[in-house]
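So the structure is just underneath, and the comments pick up after that.
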Amino acid sequence: MLTQLTVSNYAIAERVELQFNKGMTALTGETGAGKSIVLDALGLAIGGRADAGAVRHGAKRADITATFDVSGIPEALHWLESHELDDDSDCILRRVISKDGRSRAYINGQPCPLAHLKDLGGLLMDIHSQHQHQSLLRKDTHRKLIDEYAGAEDLANQTREAWKAWNHTRTKLTERQQNAEESEARLQLLRYQVEELDRLALESGEQEQLEQEQAQLSQADAILHGSHQAALLCTEEDTSAAGLVRQALQQLEQLPVEIPALADTIQMLSEAQIQISEAGDNLRHFVDDYEADPARLSEVEERLSAIYQMARKHRINAEELPEFHKRQSSELAELDGGEGSLEQMEEELELLHQNFNKLASKLSDIRARAAGELDQRIAGELAQLSMPSVQFVTHLNRNNQGEPAPHGLEEIEFLVSANPGQPARPLAKVASGGELSRISLAIQVVVAQTSTTPTLIFDEVDVGIGGGTAEVVGKLLRSLGDGGQVICVTHLPQVAAQCHQHLFVSKFTQQDATFSKIESLDDQGRISEVARMLGGVDMTEQTVAHAAEMFSKGQATHH
């Protein structure tokens, strides 16, 4: 649950520190005092959109920190652990917004993407706004509420992903079918090209090897002649290299005295004589074994000619042929009996359709059961809200097209019948503003009772409600708070009188600057605030007495 909120330089709040407890907390104050600051700040703490206007005039940045006790929230603990952000049982979400509109997000002191703040915040807090009254007029809101109430969000997501896969394959298949003639021509060309390349069977590096072999075979006579002459020059004539080195060595060895400075030179000449003799022997062996092979030369040149001709045909370099062969073969396999064949794509589409139907049918069954239960529970809440004759119906309209749809096999719409005997019609055509407010509150209360989110925020959801119904609204919100934590902004004294904790928001001006102040009220302060909400500026003794009675009754009712 939320335990603390610290707000610095946000809107007209210079510095606000609030402690929160379990149960129901009411935020009250005059219009324009800044009650929305708390809820807006909490919205930013869990990843809401920020802008430069959020920063207090004259300040460089706004800083918002929300602390939660997550010891009893397994989903949040798992999320923190999986992202290596766990830190005991407390979780601190922080948002810093610069005056240029940029913002930074932190979880337990570690910088993080804004998306992480949204993901984790969704596990910690759920904000129900008065603006949701209008969202109730949209069918997609109805579907989301049913899926949330049924606990079927994951299955709904799986169904949507199954539809995406089916629709993607269907689109590809339709394109292939529309271009069938062009595809067939391409298929025939690929078959012909790949058959030619298969027959050529060129291996990687083969062309370079053949060119080297051709160069040797075509110059066989020159190679033999040159090698023979080299052998003669090494060893087989008096003026050969070996003979001349031998003569030089003899001259040095016959010197009248031994010269130490020439010892290395004599050693080098001795080694040179040996190496020249070995080189001559190698050359003789090469000449004796070397044979010109005109037949092999003809084979090599014929093979190279075929390679060059194939490269010219496809307008590429000869060394690119192996990779070109691989690409053409791959495309042919895809078009002709491979992954992309019409037959296989049709089979795949059918399997995807079956998978979608399996998931969507299961989702439909869950929605149908949840819709009946939801209708009954909302009817019970509406009766408490002085609307006993209103019939609430969750209508599941089966798709007639017979094709998969992103959200399943049916459209979902909330219908109401305002009077007995009248057919149920869409909310937008039946409900007045006040009725819509009460219907919205009933739905939110029922859905919140099944929510796993520990902290629920209600922002003036009781607008348009008064009298005895307002007291019932207070009871509903209090009952939700008994099992967790509820924070509500309200203008109704009947609601404020029943909360566990009461925060009063006010504003004041000092040195031409406006400031917002939020304080926690004791019992006497709560009575005074309820009296203000009852009687306005001029409070009489009767108003205060009425407020004390309302407060006493509101607290006693729940003990």
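Everything in the sequence shown is counted per our numbering, starting at 556 for the first residue and increasing by one. Every residue gets a Cβ at the ideal spot worked out from N, C-alpha and C, and that includes glycine. Note that this is a predicted model, so its numbers are computed, not measured.
State the DSSP-derived secondary structure class of F575, mapped to helix, strand or coil. Within the sequence shown, residue 575 is the residue found at index 20, counting from 1. Three-state DSSP puts F575 in coil, outside helix and strand.
Taking DSSP's pairing of strands, which residues face Q1119 in a bridge? An answer regarding residue 1119 cannot be provided, because it is not within the stretch 556 to 1114 covered by the chain.
Could you check which residue in F1106, T1008, L970, R1081 has the C-alpha nearest to that of K1030? Taking the first residue of the sequence shown as 1, we reach residue 1030 at position 475. The option with the nearest alpha carbon to K1030 is F1106.
Can you name the residues that DSSP bridges to P811? The residue given as residue 811 occupies position 256 in the sequence shown. In the DSSP output, where bridge partners are listed per residue, P811 has none listed.
Can you tell me whether DSSP reads Q939 as helix, strand or coil? Position 384 of the sequence shown, counted from the first residue, corresponds to residue 939. Q939 falls in the helix class under three-state DSSP.
How many Å lie between L557 and T1005 at the Cα? Taking the first residue of the sequence shown as 1, we reach residue 557 at position 2. Taking the first residue of the sequence shown as 1, we reach residue 1005 at position 450. The alpha-carbon atoms of L557 and T1005 are separated by roughly 19 Å.
Helix, strand or coil for M900, going by three-state DSSP, please let me know. Locating residue 900 in the sequence shown gives position 345, where the first residue counts as 1. Looking at M900 - three-state DSSP - the assignment turns out to be helix.
Alpha-carbon to alpha-carbon, R731 and R715: Along the sequence shown, read from residue 1 onward, the residue named residue 715 stands at position 160. Along the sequence shown, read from residue 1 onward, the residue named residue 731 stands at position 176. The alpha-carbon atoms of R715 and R731 are separated by roughly 24 Å.
Would you report the Cα separation of E966 and R698, rounded to the nearest angstrom? Taking the sequence shown and counting its residues from 1, one reaches residue 966 at position 411. Taking the sequence shown and counting its residues from 1, one reaches residue 698 at position 143. When rounded, the distance between both Cα atoms is 8 Å.
Residue environment, I871, which counts as buried when at least 16 other CB atoms sit within 10 Å: Residue numbering aside, residue 871 sits at position 316 when the sequence shown is read from its first letter. I871 comes out exposed.
Pop quiz: L906 and L728 are said to be a contact at Cβ under 8 Å. What is the actual Cβ separation, rounded to whole angstroms? Translated into the one-based positions of the sequence shown, residue 906 becomes position 351. Translated into the one-based positions of the sequence shown, residue 728 becomes position 173. The Cβ separation is near 13 Å, so there is no contact.
S563, DSSP secondary structure in three states: Within the sequence shown, residue 563 is the residue found at index 8, counting from 1. The answer is strand: DSSP assigns S563 an E or B state.
At the level of alpha carbons, what is the spacing between P1048 and G976? Locating residue 1048 in the sequence shown gives position 493, where the first residue counts as 1. Locating residue 976 in the sequence shown gives position 421, where the first residue counts as 1. Whole-angstrom Cα-Cα distance: 36 Å.
According to DSSP, residues forming a beta bridge with V1060: Here the question's residue 1060 lines up with position 505 in the sequence shown. Partner(s): I1073.
Neighbourhood of L1058 by C-beta distance below 8 Å, restricted to the same chain and skipping five residues each side: For the purposes of this step, residue 1058 is identified with residue 503 of the sequence shown, where counting begins at 1. Closer than 8 Å at the Cβ level, and outside the excluded window around L1058, lie L573, T580, A581, L582, T583, V593, I1073, E1074, S1075, L1076.
Counting along the chain, where does the alpha helix (DSSP H) carrying E1096 start and finish? Within the sequence shown, residue 1096 is the residue found at index 541, counting from 1. Unbroken alpha helix (DSSP H) run through E1096: 1096-1111.
Counting only runs that start and end within the segment 845-892, where is the alpha helix (DSSP H) found for 4 or more residues in a row? 849-868, 876-890
In its own chain, which residues sit with a C-beta less than 6 Å from the C-beta of R932, not counting the 5 before and 5 after it? Taking the first residue of the sequence shown as position 1, residue 932 is located at position 377. If we look at R932 and ignore the five residues flanking it on each side, its Cβ neighbours are V1001.
Option nearest V945 by Cα separation, candidates D642, S591, E928, S972: To locate residue 945, count along the sequence shown from 1; it is residue 390. Considering only alpha carbons, the answer is S972.
So for M556, helix, strand or coil by DSSP? On the sequence shown, residue 556 is found 1 positions in, with the first residue counted as 1. The answer is coil: DSSP assigns M556 none of H, G, I, E or B.
Measure the C-alpha to C-alpha separation of P1121 and E875 and round it to an integer number of angstroms. Absent from the model: residue 1121. The displayed extent of the chain is 556 to 1114, so no value can be given.
Spell out the partners DSSP gives R1087 in its beta bridges. By one-based count along the sequence shown, residue 1087 stands at place 532. Beta-bridge pairing links R1087 to no other residue.
Between the Cα of I505 and those of F623, S1083, D1017, spot the shortest distance and give me the residue it belongs to. With the chain represented from 556 up to 1114, any question about residue 505 goes unanswered, as that position is not in the structure.
Identify whether P981 lies in helix, strand or coil by the three-state DSSP scheme. By one-based count along the sequence shown, residue 981 stands at place 426. Looking at P981 - three-state DSSP - the assignment turns out to be strand.
CB of A617 within 8 Å of CB of Y565, strictly: Locating residue 617 in the sequence shown gives position 62, where the first residue counts as 1. Locating residue 565 in the sequence shown gives position 10, where the first residue counts as 1. In contact: A617 and Y565 (Cβ atoms closer than 8 Å).
Can you check which of these residues, Q713, N712, M1088, A1051, is closest to K1108 by C-alpha distance? Within the sequence shown, the letter at position 553 stands for residue 1108. Checking every option, the nearest Cα to that of K1108 belongs to A1051.
Closest by C-alpha distance to L678, when choosing among A1025, T1010, A1103, H1046: Position 123 of the sequence shown, counted from the first residue, corresponds to residue 678. Checking every option, the nearest Cα to that of L678 belongs to T1010.
Buried or exposed: where does D681 fall if 16 or more other Cβ atoms within 10 Å of its Cβ makes it buried? Here residue 681 refers to the residue found at position 126 of the sequence shown. It counts as buried.
Of the residues P978, L970, K917, which one's Cα is nearest the Cα of A705? Within the sequence shown, the letter at position 150 stands for residue 705. Of the listed residues, the one whose Cα sits closest to A705 is K917.
Extent of the continuous alpha helix (DSSP H) run through T714: Indexing the sequence shown from 1 puts residue 714 at position 159. It spans 708-733 - the alpha helix (DSSP H) in which T714 sits, taken as one unbroken run.
Can you tell me which of D655, G656, V651 puts its alpha carbon nearest to the alpha carbon of C667? Within the sequence shown, residue 667 is the residue found at index 112, counting from 1. Ranking the options by Cα distance to C667, first place goes to V651.
In three-state DSSP terms, what is E763? For this step, residue 763 is matched to residue 208 along the sequence shown. It is helical.
Quick one: is A777 buried, meaning 16 or more other Cβ sit within 10 Å of its Cβ, or exposed? The sequence position of residue 777 within the sequence shown is 222, counting from 1. A777 comes out exposed.
Please say whether F1013 and E691 have beta carbons closer to each other than 8 Å? Within the sequence shown, the letter at position 136 stands for residue 691. Within the sequence shown, the letter at position 458 stands for residue 1013. Strictly speaking, residue 691 in this sequence is Leu, with Glu absent from that position. No, these two residues do not count as a Cβ contact at 8 Å.
Indicate whether L632 and D641 have their beta-carbon atoms separated by less than 8 Å. Residue 632 sits at position 77 when you count from the first residue of the sequence shown. Residue 641 sits at position 86 when you count from the first residue of the sequence shown. Closer than 8 Å, so yes.
Have a look at the DSSP bridge pairing and note the partners of E966. Mapped onto the sequence shown, residue 966 falls at position 411. Answer by DSSP bridge pairing, in chain order: N952.
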